[in-house]
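> Just so we're aligned, residue -8 is where the sequence shown starts under my numbering, counting upward by one. I'd like to ask you about the structure that follows.
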Amino acid sequence: MEKNVVVIGGGPAGTTAAISARRYYPNASIKLIRQEEKALIPCGIPYVVGTLGSLEKNLIPDTVFSKNNIELIVDEVTSINKEAKTVSTITHNTIGYDKLVLAIGSSPLVPPLQGLNLDNVFVVKKEIKYLEKFLDALDRAKDVVVIGGGFIGLEFADECKKRGIKNVTVIELLHHCLLLACD
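Structure follows, in structure tokens:
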């Protein structure tokens, strides 16, 4: 029986799920729905600040979908009807499925601090337009404070130094950086 597979989410997990579905169901109709026109590689975002130097160098190439006969839909899912096995989008499309994969990614843990809404205060998001503003602010920055001494925070701090920012400070709540990652 031919399957109709819909994957919601265009990051690494969604991309991998769609390609895996193609391998399991070679004759299936496979659709991947993502909100962004272009999809960033999340674990590479810190390296855009320094080593890569460009958001364009940190994108999941859309050719991976066409090469695997996966239909890419840039839209936003607004609802899922499990009984009817349909997905509705913000542009009023209704897409049916036999198999549905939710690969919608994660959001950063944001501490409840005052001032998070001020200018030049950024939370790392996986949105290209937001990150463009962040990179513009870094171009003018003399000092950078990174809250969080986990892998991503330390990678950002290191990449800020590579970008030429002299004063980079990491603030960590725990006794030392990477405490949850190391014994």
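Ideal Cβ placement from N, Cα and C applies to all residues, glycine included. Just so we're clear, the structure is a prediction, and the values are computed from it rather than from any experiment.
Tell me the DSSP bridge mates of Thr160?
To locate residue 160, count along the sequence shown from 1; it is residue 169. Partner(s): Val136.
> Counting beta carbon pairs with one atom in the stretch 44 to 63 and one in the stretch 22 to 34, are three or more of them shorter than 8 Å?
Cβ pair count under 8 Å is three or more, so yes.
> Rounded to the nearest angstrom, how far is the Cβ of Ala8 from that of Val65, given a contact under 8 Å?
Along the sequence shown, read from residue 1 onward, the residue named residue 8 stands at position 17. Along the sequence shown, read from residue 1 onward, the residue named residue 65 stands at position 74. 17 Å between Cβ atoms; not a contact.
> Does the structure place the stretch 117 to 134 close enough to the stretch 34 to 49 that three or more beta carbon pairs sit under 8 Å?
Contact between the stretch 34 to 49 and the stretch 117 to 134 is present, because at least three Cβ pairs lie under 8 Å.
> Consult DSSP for Ala148 and reduce its assignment to one of helix, strand or coil.
Here residue 148 refers to the residue found at position 157 when the sequence shown is read from its first residue. Looking at Ala148 - three-state DSSP - the assignment turns out to be helix.
> What number of angstroms, rounded off, separates the C-alpha of Gly87 from the C-alpha of Lys152?
On the sequence shown, residue 87 is found 96 positions in, with the first residue counted as 1. On the sequence shown, residue 152 is found 161 positions in, with the first residue counted as 1. Their backbone Cα atoms lie some 49 Å apart in a straight line.
> Ends of the beta strand (DSSP E) at Asp22?
Here residue 22 corresponds to residue number 31 of the sequence shown, with the count starting at 1. The sequence shown places Lys at residue 22, rather than the Asp named in the question. Note, Lys22: beta strand (DSSP E), Ser20 to Arg25.
> For Pro103 and Gly2, what's the separation of their Cα atoms in angstroms?
Looking up residue 103 in the sequence shown gives position 112. Looking up residue 2 in the sequence shown gives position 11. If I take the Cα positions, the gap works out to 27 Å.
> Could you check what DSSP says for Gly87 in three-state terms: helix, strand or coil?
Translated into the one-based positions of the sequence shown, residue 87 becomes position 96. Looking at Gly87 - three-state DSSP - the assignment turns out to be strand.
> Buried or exposed, going by whether 16 or more other CB atoms sit within 10 Å of the CB of Leu122?
Here residue 122 refers to the residue found at position 131 when the sequence shown is read from its first residue. Its Cβ being crowded by 16 or more others within 10 Å, Leu122 is buried.
> Suppose you measure from the CA of Ser20 to the CA of Gly5; what does that come to, to the nearest Å?
Looking up residue 20 in the sequence shown gives position 29. Looking up residue 5 in the sequence shown gives position 14. Rounded to the nearest angstrom, the two C-alpha atoms are 15 Å apart.
> What three-state label does DSSP hand Ile71 in the structure shown?
Counting from 1 along the sequence shown, the entry for residue 71 is found at position 80. DSSP places Ile71 in strand when its eight states are reduced to three.
> For a quick check, are the C-beta atoms of Val(-2) and Ala94 less than 8 Å apart?
Here residue -2 corresponds to residue number 7 of the sequence shown, with the count starting at 1. Here residue 94 corresponds to residue number 103 of the sequence shown, with the count starting at 1. Yes; because the gap between Cβ atoms is below 8 Å, this pair is in contact.
> Apply the 10 Å Cβ neighbour rule to Arg14 and answer buried if 16 or more other Cβ atoms are within range, or exposed otherwise.
Here residue 14 is taken as the residue at index 23 of the sequence shown, counted from 1. Per the 10 Å Cβ criterion, exposed.
> Alpha carbon to alpha carbon, how far is Pro17 from Thr54?
Position 26 of the sequence shown, counted from the start, is the residue given in the question as residue 17. Position 63 of the sequence shown, counted from the start, is the residue given in the question as residue 54. Spanning the two alpha carbons is a distance of roughly 18 Å.
> Which value, in whole angstroms, describes the spacing of the CA atoms of Lys133 and Leu63?
As a working mapping, residue 133 is identified with position 142 in the sequence shown. As a working mapping, residue 63 is identified with position 72 in the sequence shown. C-alpha separation (whole angstroms): 41 Å.
> For Val101 and Val68, what's the separation of their Cα atoms in angstroms?
Walking along the sequence shown from the start, residue 101 turns up at place 110. Walking along the sequence shown from the start, residue 68 turns up at place 77. In a straight line, the C-alpha of Val101 is about 25 Å away from that of Val68.
> Val135: buried (16+ other C-beta within 10 angstroms of its C-beta) or exposed?
As a working mapping, residue 135 is identified with position 144 in the sequence shown. Buried, since its Cβ has 16 or more Cβ neighbours within 10 Å.
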